[in-house]
Amino acid sequence: MGNKTPLLSATDLHVSYGSIKAIRGISFDVYEHEIVTLIGANGAGKSTTLNTVCGLLKPTSGNITFDGKDIGHVPAHKMVTLGMSLCPEGRRIFQQLTVRENLEMGGFSRQASEIPGSIEEMFTRFPRLKEREKQIAGTLSGGEQQMLAMARALMSHPKLLMLDEPSMGLAPILVGQIFDIIRELHEAGTTILLVEQNARMALSVAHRAYVLETGRISISGSAADLLHDDSVRKAYLGS
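Here's what the structure looks like:
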């Protein structure tokens, strides 16, 4: 990456829930046009890290900069206007609204005149959603709900898309489809920070990776190297 400035940079981040230290001094960077993944066991602090970056949790100490600005104290609802979008764990779509209405909600930070064009863009990228445009989102399959959650997060045209466990609870064939979409989004120019339990899939799609263990980064490097690292294979790839 040479001397380029990272799009997102977290430095010596500490996060606590009451007396429990969830994140213990982690530092990581995401550069423009990269896919960076955070992998690790359940409870390692992956989702906590994402929630802290996007302002849902406040760090006890440490710094977060995004696009050259210190965002440590920016409220979560302002992050979208800065160019950051989170596709949360468990999808969290608006179950009672239609597919189209969910996408409209995702475009809340845009000019009203831009929203229809963005929705058409999402329907081109996710043809399945176009077919289901008027369907109530809660009646979609798990894979379709995940596509909707991703499309909704993309409605703001983010500089950084954060995906929290996009493959969770999906059948293997759908996991493959979701990761194909992640590759396509990257090829279309989206920078992605990916938190994922399926370490093999995450490492196969990412450029760089950080392994989180009980709130600390234990290993980091190129995703290809980590895919072939014996300790990573034993711990996370079941081989």
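With the numbering used here, the residue at position 123 of the sequence shown is 123, and numbering never jumps. Think of the CB as a built atom: it goes at the ideal place given N, C-alpha and C, for glycine as much as any other residue. Just so it is clear, the structure is predicted and the values come from calculations on it, not from any experiment.
Cβ distance (whole Å) where residue i is taken to contact residue j below 8 Å
i	j	result
R208	G189	Contact flag wrong, Cβ pair sits at about 18 Å.
S85	M162	7 Å
L7	D67	6 Å
Close-in-space but distant-in-sequence residues of the same chain around residue i (CB under 8 Å, 5 per side omitted)
i	result
A202	T37, I39, L194, E196, A209 and A223
L212	I26, L38, I39, G40, A44, G45, K46, T49 and S218
S109	V80, T81 and S156
T98	E133, K134, Q135, I136 and A137
P59	L13, H14, V15, I23, T52 and G72
R183	V205
Cα-Cα separation between residue i and residue j, rounded to whole angstroms
i	j	result
T11	Q177	34 Å
M147	Y17	31 Å
A153	L226	28 Å
E133	P127	10 Å
Q111	R233	47 Å
N102	D230	43 Å
I119	P158	15 Å
T65	T5	10 Å
H14	T124	41 Å
P88	P166	8 Å
L57	E114	31 Å
I93	G62	31 Å
G117	D29	32 Å
A235	A199	10 Å
H77	I173	34 Å
Residue range of the unbroken beta strand (DSSP E) whose run includes residue i
i	result
L161	L160 to D164
A242	Here the chain comprises residues numbered 1 to 239, so residue 242 is not present and cannot be evaluated.
G62	S61 to F66
M84	M84 to C87
Local Cβ density within 10 Å of residue i, reported as buried at 16 or more and exposed below that
i	result
T52	buried
A171	exposed
G142	exposed
G55	buried
H33	exposed
Own chain residues within Cβ distance below 7 Å of residue i, not counting five before or after
i	result
R91	Q145, Q146 and A149
L140	R132 and L148
A206	I35, V36, T37, L194 and A223
A22	V15, S16, G45, T48 and G215
L237	A199 and R200
Start-to-end residues for the alpha helix (DSSP H) that takes in residue i
i	result
G117	I115 to R125
F179	P172 to E187
Own chain partners of residue i with C-beta closer than 6 Å, once the 5 adjacent residues on each side are dropped
i	result
R216	R24
G106	R152 and M155
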